[in-house]
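Scroll down for the structure; my scribbles are underneath it.
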Amino acid sequence: MPATDAPLTGAHATSGEPAAPGPVRSSRLDPAIAARLRRTPDGLVAAVVRQHDTGEVLMVAWMNDEALHRTLTTGRATYWSRSRQEYWVKGATSGHHQHVRSVALDCDGDALLVSVDQVGAACHTGHRTCFFTELPVTAPEATS
């Protein structure tokens, strides 16, 4: 049976914080880091998550400024759920935690690389990684 991750109790936006991420919102994120982010119109940055020691890509999620702040200051991967419109800490209900080892910002500021020590499955389907469906590539091989 797949283990799902629901938001951590108390992880919802609190009074004084808007419920939706929004393009402009106050956050406890370091202003120098916030200034480097290029967000989607709804205030989010893609977070590519990988296993720190093998480089295996585990999943892609979304962060707003506050989710990134929580991730950087707690060492627990925290994301913004676009469907539920609330924060969720990976593993809060499933036990499949992501202990953050490092976070890197890409050169354009529009994506994060989160290196974690994954405990259990990263995918809500119960798979180790969300990238378990191989697609056929039929393009001709490039020649030099």
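Using numbering that gives the first Met the number 0, the first residue of the sequence shown is number 0, and each one after it goes up by one.
We treat Cβ as the ideally placed atom computed from N, Cα and C, and that holds for glycine.
Distance from the CA atom of residue 107 to the CA atom of residue 125, rounded to whole angstroms, is 33 Å.
Of all C-beta pairs linking the segment 91 to 100 to the segment 25 to 43, fewer than three are shorter than 8 Å, placing the two stretches out of contact. Along the length of the segment 56 to 119, whole beta strand (DSSP E) runs at least 3 residues long occupy 56 to 62, 77 to 80, 85 to 88, 97 to 104 and 110 to 117, reported in chain order. Residue 56 holds the alpha-carbon nearest to the alpha-carbon of residue 114 among 40, 56, 39 and 44. It is roughly 11 Å from the alpha-carbon of residue 64 to the alpha-carbon of residue 37. Counting the other Cβ atoms within 10 Å of the Cβ of residue 84 gives fewer than 16, which makes it exposed.
Note that the C-beta distance between residue 48 and residue 34 is not below 8 Å. Residue state for residue 45 is assigned as strand, using DSSP reduced to three classes. Taking 8 Å as the upper bound for CB-CB distance, residue 44 and residue 110 are in contact here, some 7 Å apart. By the Cβ neighbour-count rule, residue 88 is buried, with 16 or more other Cβ atoms within 10 Å of its own.
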